[in-house]
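Novice: For the sequence shown, position 154 (counting from the first letter as 1) is numbered 134 according to the working numbering, and the numbering increases by one without interruption.
Here it is, the structure in full.
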Amino acid sequence: MGVLGGVALGHWLERQGWARQRWAQVAVLAVVLGAGAWMAPKVSIAFSVNKFTNQVIRVYSHEVAHSAGKPHFEYPDLRPTLESIAAHAPLAAANALTRPWLGESWQPLFVAAGLENIGLLALFVLAIVAAVKGRLGHLPFGLGVGLVVFCLILAALIGLTTPNFGSLNRYRNELLPFFLLLVLQNDYAGAALRWVGLGARRKPDVRLPERPARPVA
């Protein structure tokens, strides 16, 4: 909701002519998220930092304990502090999008998941190349930034609290539609989708025949 509110406010300010620069839209999103993070603990103790960190560790420890003998990953140095969770967040986000790797388990389900992850990684690399070459597509900048922030936050939370491979592949279904929307926006992915018949094609211009002029009496 915070990301959605930040994107909506940035879009409104842009239409008013107050946030047309890209840095301004990023700043609006950051201010909204920062204000939300500051106000949430004042609304309810359930949103306090200690409650959040302890809940993350509790869920993670429960999942690790129930994953003994099953394919999973662990964070040996993870502690119930905001600093520790922030330090592990990049690896957790990467785990959510790339694990299991092909070959970590030869169970059919995990082999299929590994192949899927290779495809996701290829799309991500293609999106990075498109970004470097300025071919990101036509998604509004503010919405694109909002989706990136949302995907990173959700991927980190899923990766931190779901170390079991089977559960990870189920829970990240909430993330994949938004991730795919992002990585398929660029011009290269769009061209590939049109080549296989899945992309939207430009409709030809249709002109109505001109009506014959009425004879002058």
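Here a beta-carbon is modelled for each residue, glycine too, at the ideal position from N, C-alpha and C.
Kindly list the residues whose CB is nearer than 6 Å to the CB of Ser85, restricted to its own chain and excluding five residues on each side of it in sequence; keep chain order.
Specialist: Locating residue 85 in the sequence shown gives position 105, counting from the first residue. Here the set comprises Pro51.
Novice: Per DSSP, which residues does Asn144 bridge with? Please list them.
Specialist: Translated into the one-based positions of the sequence shown, residue 144 becomes position 164. Beta-bridge pairing links Asn144 to His52.
Novice: Provide the residue span of the alpha helix (DSSP H) that contains Met19, from first to last.
Specialist: In the sequence shown, residue 19 corresponds to position 39, counting from 1. Arg2 to Val23 is the span of the alpha helix (DSSP H), which, as asked, contains Met19.
Novice: Looking only at its own chain, which residues have a Cβ that is under 7 Å from the Cβ of Leu101, when we skip the five neighbours before and after it?
Specialist: On the sequence shown, position 121 is the one that residue 101 refers to. Hits under 7 Å: Thr78.
Novice: If you compare alpha carbons, which of Phe145, Val176 and Leu119 is closest to Phe90?
Specialist: Residue 90 sits at position 110 when you count from the first residue of the sequence shown. Out of Phe145, Val176 and Leu119, Phe145 has the C-alpha closest to the C-alpha of Phe90.
Novice: Below 6 Å CB to CB, which residues in the same chain sit around Ile138 once its five sequence neighbours on both sides are set aside?
Specialist: By 1-based counting over the sequence shown, the position of residue 138 is 158. So the qualifying residues of the chain are Ala76, Tyr151 and Arg152.
Novice: Can you grab the Cα-Cα spacing for the pair Val(-13) / Gly49, in whole Å?
Specialist: Here residue -13 refers to the residue found at position 7 when the sequence shown is read from its first residue. Here residue 49 refers to the residue found at position 69 when the sequence shown is read from its first residue. Answer to the nearest angstrom: the Cα atoms are 44 Å apart.
Novice: Tell me the DSSP secondary structure of Arg152 in three-state form.
Specialist: For the purposes of this step, residue 152 is taken as residue 172 along the sequence shown, with counting starting at 1. It is helical.
Novice: Pull up the CB-CB distance for Leu156 and Ala73, whole angstroms please, since I reckon it's below 8 Å.
Specialist: Within the sequence shown, residue 156 is the residue found at index 176, counting from 1. Within the sequence shown, residue 73 is the residue found at index 93, counting from 1. About 14 Å; that fails the 8 Å criterion.
Novice: If I measure Cβ to Cβ from Leu13 and keep anything under 8 Å in the same chain, skipping five residues before and after, which residues do I get?
Specialist: Taking the sequence shown and counting its residues from 1, one reaches residue 13 at position 33. Hits under 8 Å: Gly(-18), Val(-17), Gly(-14) and Val129.
Novice: Is the CB-CB distance between Gly122 and Gly(-10) below 9 Å?
Specialist: Along the sequence shown, read from residue 1 onward, the residue named residue 122 stands at position 142. Along the sequence shown, read from residue 1 onward, the residue named residue -10 stands at position 10. Yes, they are a contact pair.
Novice: Report the residue from Tyr40, Leu178, Ala111 and Ala136 whose alpha carbon sits nearest the alpha carbon of Val163.
Specialist: Numbered from 1 along the sequence shown, position 183 holds the residue referred to as residue 163. Answer by Cα proximity: Ala111.
Novice: Are Leu62 and Tyr40 close, meaning C-beta to C-beta below 9 Å?
Specialist: As a working note, residue 62 is residue 82 in the sequence shown. As a working note, residue 40 is residue 60 in the sequence shown. No, the Cβ-Cβ distance between Leu62 and Tyr40 is not below 9 Å.
Novice: Taking the C-alpha atoms as reference points, what is the distance between Gln35 and Leu173?
Specialist: Indexing the sequence shown from 1 puts residue 35 at position 55. Indexing the sequence shown from 1 puts residue 173 at position 193. Near 41 Å, if we compare the C-alpha coordinates of Leu173 and Gln35.
Novice: For Glu54 versus Pro143, is the C-beta distance shorter than 9 Å?
Specialist: Numbered from 1 along the sequence shown, position 74 holds the residue referred to as residue 54. Numbered from 1 along the sequence shown, position 163 holds the residue referred to as residue 143. Their beta carbons are under 9 Å apart, which means Glu54 touches Pro143 by this criterion.
Novice: Let's test the definition: count the other Cβ atoms within 10 Å of the Cβ of Asn149 and tell me whether it reaches 16, buried, or not, exposed.
Specialist: Here residue 149 is taken as the residue at index 169 of the sequence shown, counted from 1. Burial call: buried.
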